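Q: Chains Z and D are the protein sequences, given in the same order.
Residue numbering for the first sequence follows full-length UniProt numbering, starting at 1 and increasing by one per position.
Residue numbering for the second sequence follows full-length UniProt numbering, starting at 1 and increasing by one per position.
Idealized CB from N, CA, C, for every residue including glycine.
No experiment lies behind these values; they were computed from the predicted model shown.
Quick one: the structure is below, and I'll ask about it shortly.
There are 2 protein chains.
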Amino acid sequence: MEDFHYNPHISVDCVIFGFDDQKINILLIKRKQSGKNVFALPGDLVQKGEDLDHAASRVLFELTGLQNLYLEQFKAFGSPDRIKDPVDIEWIKSIREHPEERVITIGYNSLVKVDGFEFTPSSFAEEVLWHPIEKPQKLAFDHNDIANTGWFMLREKIKREPMIAFSLLPEKFTLRQLQTLYEAIVGISLDKRNFRKRMLRNNFLVAMEERETGVSHKPAQYFRFDEDTYREDFARDQWFLF
Amino acid sequence: MEDFHYNPHISVDCVIFGFDDQKINILLIKRKQSGKNVFALPGDLVQKGEDLDHAASRVLFELTGLQNLYLEQFKAFGSPDRIKDPVDIEWIKSIREHPEERVITIGYNSLVKVDGFEFTPSSFAEEVLWHPIEKPQKLAFDHNDIANTGWFMLREKIKREPMIAFSLLPEKFTLRQLQTLYEAIVGISLDKRNFRKRMLRNNFLVAMEERETGVSHKPAQYFRFDEDTYREDFARDQWFLF
DNA sequence: GCAAAAGTGTTACTGATACACCCATGG
DNA sequence: CCATGGGTGTATCAGTAACACTTTTGC
Chain Z
1 MEDFHYNPHI SVDCVIFGFD DQKINILLIK RKQSGKNVFA LPGDLVQKGE DLDHAASRVL
61 FELTGLQNLY LEQFKAFGSP DRIKDPVDIE WIKSIREHPE ERVITIGYNS LVKVDGFEFT
121 PSSFAEEVLW HPIEKPQKLA FDHNDIANTG WFMLREKIKR EPMIAFSLLP EKFTLRQLQT
181 LYEAIVGISL DKRNFRKRML RNNFLVAMEE RETGVSHKPA QYFRFDEDTY REDFARDQWF
241 LF
Chain D
1 MEDFHYNPHI SVDCVIFGFD DQKINILLIK RKQSGKNVFA LPGDLVQKGE DLDHAASRVL
61 FELTGLQNLY LEQFKAFGSP DRIKDPVDIE WIKSIREHPE ERVITIGYNS LVKVDGFEFT
121 PSSFAEEVLW HPIEKPQKLA FDHNDIANTG WFMLREKIKR EPMIAFSLLP EKFTLRQLQT
181 LYEAIVGISL DKRNFRKRML RNNFLVAMEE RETGVSHKPA QYFRFDEDTY REDFARDQWF
241 LF
């Protein structure tokens with residue numbers, strides 16, 4: 001631990017979302033402490049001279065090996081008593097050079113495509129796992145607050161900028177996957193025909209030659225998301241009068 | 001200056017919006033430095049043991065004498081070089097005990113009703129003024145970035161929760177004021193009849209007995225905003241599929 | 001041939017837009 | 001009596017919502 005690199009007052013915590021074709025999950029790290037499992041969001045202190053966004057990217061990269069992920073700050077958490085559980089205090093004392101320092105943490109949301117990456121064994125994570133966002137799980141520190149706020153902010157963000165949802169899907173995906181994702185985010189179910197109708201009039205969804213294989217039903221067509229077309233066509237400037 | 005009260009690593013900066021029946025303004029403070037006027041957002045270091053939201057409320061209260069204003073954090077600004085202008089560095093040196101410390105600042109948006117309050121002479125403001133948000137004005141530090149981001153975030157927020165816009169209007173207001181406010185936020189102009197039609201089917205707008213007086217045209221009816229009715233009726237859960 | 005998900009159109013309804021004139025007041 | 005902004009209705013258009021059956025594949 002080379003604490004002299006770090007600014008002991010500021011940290012980042014990442015809420016990393018993934019979609020497994022059924023539901024939305026977040027990435028948690030697990031550590032053993034006094035024989036019990038303790039779960040937490042991945043995060044780290046910000047280094048001296050390091051930008052906040054850079055610190056969050058660094059945490060993501062160390063954990064997933066991926067770069068250029070969707071990443072957005074959503075809130076700063078600075079309550080003076082955000083670390084109050086004795087178990088957490090004990091943990092902090094074991095890893096920080098200045099455990100008594102008040103730390104402000106900046107919450108970041110990130111979206112990853114679940115297919116095709118492996119967790120990287122990391123300095124700060126004994127074990128890494130996907131956990132369903134809808135399933136309650138006690139987390140360390142104020143991480144429940146951070147995760148809940150992040151999930152709320154992500155949904156708000158997607159309302160305004162639905163494009164980012166494609167960061168959760170593989171490069172090629174079926175309309176059923178897209179609809180399931182949408183339903184998982186929104187929390188309601190949609191009519192299949194109306195959904196397809198609305199989707200297919202968007203030029204940014206381009207049908208690929210390829211179809212599903214190995215499924216015991218009519219194989220679905222794959223689509224991909226064309227970001228350039230989206231940006232051209234989709235000048236969302238909708239305003240809602242109460 | 002009793003710096004020992006303060007946490008020298010964290011500050012808050014407030015983007016305070018007001019509506020003057022024509023346009024949206026933000027509150028700036030002005031100081032004289034080397035014979036030049038320097039403009040900045042109001043802000044302060046966070047005190048030791050003080051919550052971030054509390055620090056922002058404190059800045060607002062010292063400036064306006066008002067409490068329980070609409071207040072929302074919108075972003076943390078933590079670039080290592082956010083203070084780089086020599087004029088700003090000189091200023092920091094003159095007021096901070098640890099001028100070399102890196103400071104993370106948390107940006108807050110606030111909405112005030114312009115009618116019926118006076119600026120309070122404050123420890124940190126030689127002069128306080130309303131400045132049109134649309135009119136460019138160079139600000140100290142990274143305050144242009146903070147103000148622009150705050151304005152953008154406010155507009156995004158109002159799209160999702162238009163209710164908060166009423167924090168900018170007086171208790172009683174005319175539909176014309178409401179429409180002008182809406183147009184100032186959205187940046188487009190609306191058809192008067194359609195606007196009134198949509199507004200008047202909302203139960204949360206309640207017509208008062210009172211009408212305008214002293215105007216040289218047909219006096220307009222006053223309305224007020226009923227927050228309880230709004231919360232009951234207006235379960236906004238609109239989702240937009242691309 | 002059966003189970004399982006893909007794919008496909010029409011109708012009814014609801015909300016948005018476009019548009020022009022009379023009314024009440026102060027000076 | 002004139003200038004000013006307040007206040008009102010209708011017709012058209014576009015988008016949303018509801019709804020059931022046929023197709024293709026693996027086993």
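Any residues in the segment 71-83 of chain D with a beta carbon nearer than 7 Å to a beta carbon of chain Z? Which ones, in chain order?
A: From the segment 71-83 of chain D, only Q73, K75, A76, G78, S79 and P80 have a Cβ closer than 7 Å to chain Z.
Q: Considering only their Cβ atoms, is the gap separating I158 of chain D from Y70 of chain D smaller than 7 Å?
A: In this structure, I158 of chain D does not lie closer than 7 Å to Y70 of chain D by Cβ.
Q: Take D11 of chain D and list the residues in its own chain whose beta-carbon comes closer than 7 Å to its own, dropping the five residues that flank it on each side.
A: The sequence shown places Ser at residue 11 of chain D, rather than the Asp named in the question. The residues are G43, D44, L45, V46, V103 and T105.
Q: Work out the CA separation of K172 of chain Z and R211 of chain Z for me, nearest whole Å.
A: Going from the Cα of R211 of chain Z to the Cα of K172 of chain Z covers about 10 Å.
Q: Cβ closer than 9 Å: which chain Z residues qualify as neighbours of G43 of chain D?
A: Per Cβ cutoff of 9 Å: no residues; G43 of chain D is ~14 Å from chain Z at best.
Q: Give the straight-line distance between the Cα atoms of E209 of chain Z and N68 of chain Z, rounded to the nearest whole angstrom.
A: Each residue's alpha carbon lies about 28 Å from the other.
Q: Counting Cβ pairs closer than 8 Å, one from the segment 18-32 of chain D and one from the segment 183-192 of chain D, do we hit at least three?
A: Output reads yes: the segment 183-192 of chain D touches the segment 18-32 of chain D.
Q: Taking the alpha-carbon positions, what's the E101 of chain Z to Y6 of chain Z distance?
A: Going by the C-alpha atoms only, they are around 13 Å apart.
Q: D51 of chain Z versus chain D: which residues are under 8 Å apart at the beta carbon?
A: Within chain D, the residues near D51 of chain Z are G78, S79 and P80.
Q: Taking contact to mean at least 3 C-beta pairs separated by less than 8 Å, is the segment 81-93 of chain D in contact with the segment 130-137 of chain D?
A: The segment 81-93 of chain D vs the segment 130-137 of chain D: no contact.
Q: Please classify H5 of chain D: does DSSP put it in a helix, a strand, or coil?
A: Helix, per DSSP.
Q: Taking the runs of the alpha helix (DSSP H) that are 4 residues or longer, which of them lie wholly in the segment 65-106 of chain Z?
A: Qualifying alpha helix (DSSP H) stretches, in chain order: 86-95.
Q: Does any C-beta atom of chain D lie closer than 7 Å to the C-beta of I24 of chain Z?
A: Output row for I24 of chain Z: interface = no.
Q: In the DSSP assignment, find the unbroken beta strand (DSSP E) run with H131 of chain D in it and report its ends.
A: Element bounds for H131 of chain D: E127 to P132.
Q: In the structure shown, what three-state DSSP assignment does A220 of chain Z receive?
A: DSSP places A220 of chain Z in coil when its eight states are reduced to three.
Q: Looking at the C-beta of I164 of chain Z, does it have a partner C-beta in chain D at a distance below 7 Å?
A: No, I164 of chain Z does not count as interfacial toward chain D.
Q: Just curious, the alpha helix (DSSP H) that A140 of chain Z is in, first and last residue?
A: From DSSP, A140 of chain Z is part of no alpha helix (DSSP H); its letter is neither H nor E.
Q: Cα separation between N144 of chain D and E90 of chain Z?
A: Spanning the two alpha carbons is a distance of roughly 42 Å.
Q: Would you kindly work out how many angstroms separate the C-alpha atoms of K93 of chain D and V87 of chain D, rounded to a whole number?
A: Roughly 10 Å separates the two Cα atoms.
Q: Counting only Cβ pairs nearer than 7 Å, list the residues of chain Z close to I104 of chain D.
A: By Cβ distance, chain Z contributes I10 and I104.
Q: Can you have a look at T213 of chain D and say buried or exposed, based on whether 16 or more other CB atoms are within 10 angstroms of its CB?
A: The residue in question, T213 of chain D, is exposed, as its Cβ has fewer than 16 Cβ neighbours within 10 Å.
Q: Within this structure, are the beta carbons of T174 of chain Z and A220 of chain Z separated by less than 7 Å?
A: Taking 7 Å as the Cβ cut-off, T174 of chain Z and A220 of chain Z qualify as a contacting pair.
Q: Going by beta carbon distance, what residues of the same chain come within less than 7 Å of V59 of chain D, once the five residues before and after it are set aside?
A: Hits under 7 Å: V12, C14, P42, G43 and D44.
Q: Measure the beta-carbon distance from D233 of chain Z to F195 of chain Z and round it to whole angstroms, keeping in mind my assumption that it falls under 8 Å.
A: Not quite, the Cβ-Cβ distance comes to about 19 Å (not below 8 Å), so this is no contact.
Q: Give me the Cα-Cα distance between L154 of chain Z and R201 of chain Z, rounded to the nearest whole angstrom.
A: Distance between the alpha carbons of L154 of chain Z and R201 of chain Z: 26 Å.
Q: Rounded to a whole number of angstroms, what is the C-alpha to C-alpha distance between A207 of chain D and P162 of chain D?
A: Spanning the two alpha carbons is a distance of roughly 19 Å.
Q: What separation, rounded to the nearest whole angstrom, lies between the Cα atoms of K48 of chain Z and L178 of chain D?
A: Approximately 48 Å, taken between the alpha carbons.
Q: Which residue comes first and which comes last in the beta strand (DSSP E) that contains L178 of chain D?
A: Careful: L178 of chain D lies outside any beta strand (DSSP E), inside the alpha helix (DSSP H) at L175 to V186.
Q: Could you tell me whether any Cβ in chain Z is nearer than 7 Å to the Cβ of M1 of chain D?
A: The predicted model places M1 of chain D with a pLDDT of 49, which falls under 50 and marks its position as unreliable, so this point remains unresolved.
Q: Flag this pair as yes or no: are the beta carbons of T64 of chain Z and F117 of chain Z separated by less than 7 Å?
A: In contact: T64 of chain Z and F117 of chain Z (Cβ atoms closer than 7 Å).
Q: Indicate the three-state DSSP secondary structure (helix, strand or coil) for D53 of chain D in the structure shown.
A: Helix, per DSSP.
Q: Please report the straight-line C-alpha distance between Y230 of chain Z and S110 of chain D, rounded to a whole angstrom.
A: Between Y230 of chain Z and S110 of chain D, the C-alpha separation is close to 34 Å.
Q: Residues in its own chain within less than 6 Å of M1 of chain Z by CB, not counting five upstream and five downstream?
A: Note that M1 of chain Z has pLDDT 48, beneath the 50 cutoff, so the model's placement of it is unreliable and the number below is only indicative. Result list for M1 of chain Z: empty, nothing under 6 Å.
Q: Show which residues of chain Z have a CB atom less than 7 Å away from the CB atom of N7 of chain D.
A: Here the neighbours are R102.
Q: Once DSSP output is grouped into helix, strand and coil, what is the label at V114 of chain Z?
A: Coil at V114 of chain Z, not helix or strand.
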